[in-house]
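Below is one structure, written out as C-alpha coordinates, with a few remarks after it.
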Amino acid sequence: MDLKLQGYSSEYPPTALAVDTTDFIASHVLIAQEEEDGDLSLLMGYKWVTSDLCSHYKIDFPPLAAAKSACASRHEKRLRQLLSDYERKGKRVGYIGSWTSRPDVRADRDAARHLVQIAIGMHARFAQDHAFDGCIALGVPRLKTERIEASAGYELLTDEEGPLPPFPLGNLAGEPVILMHLQEHSATAQSLANEHESLWRQRLSLEQE
(Lines of atoms letter the chains of each structure in order from A and count residues from 1; the text may use other names and numbers.)
(Lines give C-alpha, C1' and ligand atoms only; values in the text may rest on other atoms or scores of the structure.)
Protein backbone atom coordinates (compact mmCIF):
# COMPACT_ATOMS: atom_id res chain seq x y z
CA MET A 1 0.00 0.00 0.00
CA ASP A 2 2.88 2.36 0.78
CA LEU A 3 4.21 1.96 -2.77
CA LYS A 4 0.81 2.97 -4.18
CA LEU A 5 0.54 5.95 -1.86
CA GLN A 6 4.01 7.15 -2.86
CA GLY A 7 3.39 6.63 -6.55
CA TYR A 8 -0.07 8.17 -6.66
CA SER A 9 0.78 11.20 -4.52
CA SER A 10 3.49 12.21 -6.99
CA GLU A 11 1.11 12.21 -9.98
CA TYR A 12 -2.39 12.96 -8.67
CA PRO A 13 -3.96 15.52 -6.31
CA PRO A 14 -4.57 14.63 -2.64
CA THR A 15 -8.23 13.81 -3.35
CA ALA A 16 -7.24 10.85 -5.55
CA LEU A 17 -7.76 7.46 -3.91
CA ALA A 18 -4.81 5.09 -4.22
CA VAL A 19 -6.62 2.18 -2.57
CA ASP A 20 -10.09 0.69 -3.05
CA THR A 21 -12.08 -2.38 -1.97
CA THR A 22 -10.67 -4.61 -4.70
CA ASP A 23 -7.17 -4.24 -3.24
CA PHE A 24 -8.26 -6.67 -0.52
CA ILE A 25 -9.23 -9.44 -2.96
CA ALA A 26 -6.84 -8.77 -5.85
CA SER A 27 -3.53 -10.40 -6.69
CA HIS A 28 -0.69 -7.89 -6.49
CA VAL A 29 2.33 -8.25 -8.76
CA LEU A 30 5.31 -6.41 -7.30
CA ILE A 31 8.81 -5.91 -8.65
CA ALA A 32 11.41 -5.48 -5.92
CA GLN A 33 15.13 -5.14 -5.46
CA GLU A 34 17.01 -7.06 -2.80
CA GLU A 35 19.11 -4.79 -0.62
CA GLU A 36 22.45 -5.67 0.98
CA ASP A 37 20.75 -6.55 4.27
CA GLY A 38 18.40 -8.95 2.49
CA ASP A 39 15.33 -6.73 2.71
CA LEU A 40 13.20 -6.21 -0.38
CA SER A 41 12.74 -2.67 -1.65
CA LEU A 42 9.57 -2.30 -3.77
CA LEU A 43 10.06 -0.57 -7.11
CA MET A 44 6.91 -1.09 -9.18
CA GLY A 45 3.60 -2.90 -8.93
CA TYR A 46 0.11 -3.45 -10.25
CA LYS A 47 -2.91 -5.54 -9.35
CA TRP A 48 -5.10 -8.16 -11.02
CA VAL A 49 -8.69 -8.98 -10.17
CA THR A 50 -11.19 -11.12 -12.07
CA SER A 51 -14.83 -10.42 -12.83
CA ASP A 52 -15.89 -13.73 -11.26
CA LEU A 53 -14.07 -12.92 -8.02
CA CYS A 54 -15.76 -9.52 -7.90
CA SER A 55 -19.12 -11.23 -8.42
CA HIS A 56 -18.34 -13.67 -5.61
CA TYR A 57 -17.75 -10.80 -3.17
CA LYS A 58 -20.59 -8.74 -4.66
CA ILE A 59 -18.24 -5.97 -5.75
CA ASP A 60 -18.54 -4.20 -9.08
CA PHE A 61 -15.80 -5.11 -11.56
CA PRO A 62 -13.48 -2.02 -11.42
CA PRO A 63 -13.86 -0.73 -15.01
CA LEU A 64 -17.63 -1.21 -14.81
CA ALA A 65 -17.74 0.61 -11.47
CA ALA A 66 -15.69 3.44 -12.99
CA ALA A 67 -18.05 3.83 -15.95
CA LYS A 68 -21.14 3.73 -13.71
CA SER A 69 -19.69 6.32 -11.35
CA ALA A 70 -18.94 8.65 -14.27
CA CYS A 71 -22.43 8.13 -15.75
CA ALA A 72 -20.64 7.01 -18.92
CA SER A 73 -23.60 5.02 -20.24
CA ARG A 74 -22.00 4.14 -23.56
CA HIS A 75 -18.95 2.70 -21.82
CA GLU A 76 -21.08 0.87 -19.26
CA LYS A 77 -23.24 -0.69 -21.98
CA ARG A 78 -20.20 -1.90 -23.92
CA LEU A 79 -18.55 -3.33 -20.82
CA ARG A 80 -21.70 -5.21 -19.84
CA GLN A 81 -21.86 -6.68 -23.36
CA LEU A 82 -18.22 -7.70 -23.19
CA LEU A 83 -18.50 -9.28 -19.74
CA SER A 84 -21.65 -11.10 -20.79
CA ASP A 85 -19.85 -12.50 -23.84
CA TYR A 86 -16.98 -13.79 -21.70
CA GLU A 87 -19.37 -15.33 -19.18
CA ARG A 88 -21.51 -16.95 -21.87
CA LYS A 89 -18.44 -18.58 -23.40
CA GLY A 90 -17.15 -19.72 -20.01
CA LYS A 91 -14.05 -17.57 -20.29
CA ARG A 92 -12.15 -15.60 -17.64
CA VAL A 93 -11.62 -11.88 -17.90
CA GLY A 94 -9.39 -9.90 -15.60
CA TYR A 95 -8.75 -6.28 -14.80
CA ILE A 96 -5.25 -4.93 -14.38
CA GLY A 97 -4.91 -1.62 -12.60
CA SER A 98 -3.04 0.51 -10.09
CA TRP A 99 0.14 0.59 -12.14
CA THR A 100 2.60 2.62 -10.12
CA SER A 101 6.26 2.92 -9.32
CA ARG A 102 8.36 4.65 -6.71
CA PRO A 103 8.86 8.33 -7.66
CA ASP A 104 12.66 8.17 -7.47
CA VAL A 105 12.69 5.11 -9.73
CA ARG A 106 10.35 6.81 -12.21
CA ALA A 107 12.72 9.78 -12.34
CA ASP A 108 15.50 7.51 -13.66
CA ARG A 109 14.37 7.03 -17.25
CA ASP A 110 16.61 4.06 -18.01
CA ALA A 111 15.58 2.25 -14.84
CA ALA A 112 11.91 3.07 -15.42
CA ARG A 113 12.06 1.80 -19.00
CA HIS A 114 13.70 -1.44 -17.86
CA LEU A 115 11.09 -1.98 -15.14
CA VAL A 116 8.26 -1.40 -17.62
CA GLN A 117 9.72 -4.09 -19.87
CA ILE A 118 9.88 -6.51 -16.94
CA ALA A 119 6.31 -5.61 -15.95
CA ILE A 120 5.02 -6.27 -19.47
CA GLY A 121 6.72 -9.67 -19.49
CA MET A 122 5.29 -10.50 -16.05
CA HIS A 123 1.86 -9.42 -17.31
CA ALA A 124 2.00 -12.04 -20.05
CA ARG A 125 3.24 -14.77 -17.70
CA PHE A 126 0.65 -14.03 -15.01
CA ALA A 127 -2.20 -14.07 -17.53
CA GLN A 128 -1.01 -17.35 -19.02
CA ASP A 129 -0.41 -19.06 -15.68
CA HIS A 130 -3.85 -18.02 -14.40
CA ALA A 131 -5.67 -18.88 -17.64
CA PHE A 132 -7.00 -15.42 -18.46
CA ASP A 133 -8.85 -15.26 -21.77
CA GLY A 134 -8.99 -11.48 -21.82
CA CYS A 135 -8.04 -8.41 -19.82
CA ILE A 136 -9.34 -4.88 -19.41
CA ALA A 137 -7.31 -1.89 -18.30
CA LEU A 138 -7.76 1.84 -17.90
CA GLY A 139 -5.26 3.98 -19.76
CA VAL A 140 -4.31 7.45 -18.52
CA PRO A 141 -3.48 9.57 -21.60
CA ARG A 142 -1.78 12.29 -19.54
CA LEU A 143 0.73 9.74 -18.27
CA LYS A 144 0.77 7.82 -21.57
CA THR A 145 0.04 4.52 -19.80
CA GLU A 146 -2.10 3.45 -22.75
CA ARG A 147 1.12 3.24 -24.78
CA ILE A 148 2.54 0.72 -22.32
CA GLU A 149 -0.70 -1.24 -22.48
CA ALA A 150 -0.70 -1.12 -26.28
CA SER A 151 2.82 -2.55 -26.38
CA ALA A 152 1.51 -5.50 -24.34
CA GLY A 153 -1.30 -6.09 -26.85
CA TYR A 154 -4.15 -3.94 -25.54
CA GLU A 155 -6.39 -2.07 -27.96
CA LEU A 156 -8.80 0.80 -27.41
CA LEU A 157 -12.23 -0.63 -26.63
CA THR A 158 -14.80 0.11 -29.33
CA ASP A 159 -18.52 -0.26 -29.89
CA GLU A 160 -20.78 0.07 -32.94
CA GLU A 161 -20.12 3.82 -32.99
CA GLY A 162 -16.34 3.47 -32.95
CA PRO A 163 -13.63 3.96 -30.30
CA LEU A 164 -14.92 4.81 -26.84
CA PRO A 165 -13.85 8.33 -25.78
CA PRO A 166 -12.13 9.24 -22.50
CA PHE A 167 -14.27 9.61 -19.39
CA PRO A 168 -13.47 11.06 -15.93
CA LEU A 169 -12.37 8.60 -13.27
CA GLY A 170 -13.88 9.62 -9.95
CA ASN A 171 -11.36 8.02 -7.61
CA LEU A 172 -8.53 9.74 -9.50
CA ALA A 173 -10.03 13.19 -8.95
CA GLY A 174 -11.70 13.19 -12.37
CA GLU A 175 -8.61 12.18 -14.36
CA PRO A 176 -9.62 11.34 -17.98
CA VAL A 177 -9.10 7.65 -18.73
CA ILE A 178 -9.75 5.32 -21.66
CA LEU A 179 -10.85 1.68 -21.72
CA MET A 180 -8.33 -0.77 -23.15
CA HIS A 181 -9.03 -4.42 -24.00
CA LEU A 182 -6.54 -7.26 -24.47
CA GLN A 183 -7.48 -10.47 -26.24
CA GLU A 184 -3.99 -11.72 -27.08
CA HIS A 185 -0.57 -10.63 -25.90
CA SER A 186 1.67 -8.98 -28.46
CA ALA A 187 4.86 -10.49 -29.82
CA THR A 188 6.71 -7.87 -27.76
CA ALA A 189 5.06 -9.05 -24.55
CA GLN A 190 5.81 -12.70 -25.33
CA SER A 191 9.42 -11.84 -26.11
CA LEU A 192 9.81 -9.90 -22.85
CA ALA A 193 8.19 -12.76 -20.94
CA ASN A 194 10.77 -15.16 -22.36
CA GLU A 195 13.61 -12.72 -21.71
CA HIS A 196 12.67 -12.40 -18.04
CA GLU A 197 11.56 -16.00 -17.52
CA SER A 198 14.18 -16.54 -14.82
CA LEU A 199 12.69 -13.70 -12.74
CA TRP A 200 9.24 -15.24 -13.03
CA ARG A 201 10.52 -18.66 -11.97
CA GLN A 202 12.25 -17.15 -8.94
CA ARG A 203 9.22 -15.14 -7.84
CA LEU A 204 8.14 -15.12 -4.21
CA SER A 205 4.44 -15.93 -3.81
CA LEU A 206 2.59 -14.89 -0.66
CA GLU A 207 -0.95 -16.12 -0.09
CA GLN A 208 -3.43 -15.21 2.61
CA GLU A 209 -4.47 -18.22 4.66
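Residue numbers (UniProt numbering): 1 to 209. Yeah, the Cβ is synthetic: ideal placement off N, Cα and C, and Gly gets one too. In this text the structure is predicted, and so the values were computed from the model without any measurement.
C-alpha gap between residue i and residue j, whole angstroms
| i | j | result |
| --- | --- | --- |
| S151 | A16 | 27 angstroms |
| L79 | S69 | 14 angstroms |
| E146 | E35 | 32 angstroms |
| I18 | I31 | Residue identity check: residue 18 is Ala in the sequence provided, not Ile. Going by the C-alpha atoms only, they are around 18 angstroms apart. |
| A26 | I59 | 12 angstroms |
| P166 | G38 | 43 angstroms |
| Q33 | R142 | 28 angstroms |
| R74 | S55 | 22 angstroms |
| residue 280 | N171 | The requested residue 280 does not occur in the structure, where the chain is confined to residues 1 to 209. |
| P168 | K144 | 16 angstroms |
| P103 | L83 | 35 angstroms |
| H196 | D129 | 15 angstroms |
| S41 | F132 | 29 angstroms |
| R88 | L157 | 19 angstroms |
| D108 | Y86 | 40 angstroms |
| N194 | V29 | 17 angstroms |
| D110 | T188 | 18 angstroms |
| C71 | V105 | 36 angstroms |
| F24 | E155 | 28 angstroms |
Residue span of the alpha helix (DSSP H) that contains residue i, given as start and end
| i | result |
| --- | --- |
| S51 | 51-56 |
| A70 | A70 -> no alpha helix (DSSP H), and no H or E assigned at all. |
| L138 | It is not in any alpha helix (DSSP H) - L138 instead sits in the beta strand (DSSP E) that spans 134-139. |
| T188 | 187-195 |
Unbroken beta strand (DSSP E) run spanning residue i, endpoints
| i | result |
| --- | --- |
| F126 | Careful: F126 lies outside any beta strand (DSSP E), inside the alpha helix (DSSP H) at 109-129. |
| Q183 | Run containing Q183: none; DSSP gives neither H nor E here. |
| P168 | 167-169 |
| I31 | 27-34 |
| I148 | It is not in any beta strand (DSSP E) - I148 instead sits in the alpha helix (DSSP H) that spans 145-152. |
| I96 | 93-101 |
Whole-angstrom C-beta distance between residue j and residue i, which should lie under 8 angstroms
| i | j | result |
| --- | --- | --- |
| L3 | Q117 | Not confirmed; about 19 angstroms, so no contact. |
| Y46 | A127 | Not quite, the Cβ-Cβ distance comes to about 12 angstroms (not below 8 angstroms), so this is no contact. |
Beta-carbon spacing of residue i, residue j below 7 angstroms
| i | j | result |
| --- | --- | --- |
| E149 | M180 | yes |
| E76 | A67 | yes |
| L115 | L199 | no |
| E190 | A124 | As written in the sequence, residue 190 is Gln, which differs from the Glu given in the question. Cβ distance < 7 angstroms, so Q190 and A124 count as in contact. |
| A173 | Y57 | no |
| S186 | G153 | yes |
| P62 | T22 | yes |
| G134 | Q81 | no |
Residue i beta carbon near the ligand FMN (any heavy atom closer than 6 angstroms)
| i | result |
| --- | --- |
| A187 | Here there are no bound small molecules, and the ligand FMN is not part of this structure. |
With three or more C-beta pairs closer than 8 angstroms as the rule, is the region 160-179 touching the region 127-147? Three or more Cβ pairs closer than 8 angstroms define a contact, and the region 127-147 meets that threshold against the region 160-179.
Could you tell me whether the region 195-204 touches the region 155-175, where touching means 3 or more Cβ pairs closer than 8 angstroms? The region 195-204 vs the region 155-175: no contact.
So does the region 39-58 actually touch the region 87-95, counting three or more Cβ pairs closer than 8 angstroms? Taking 8 angstroms as the limit for Cβ pairs, the verdict is that the region 87-95 does touch the region 39-58.
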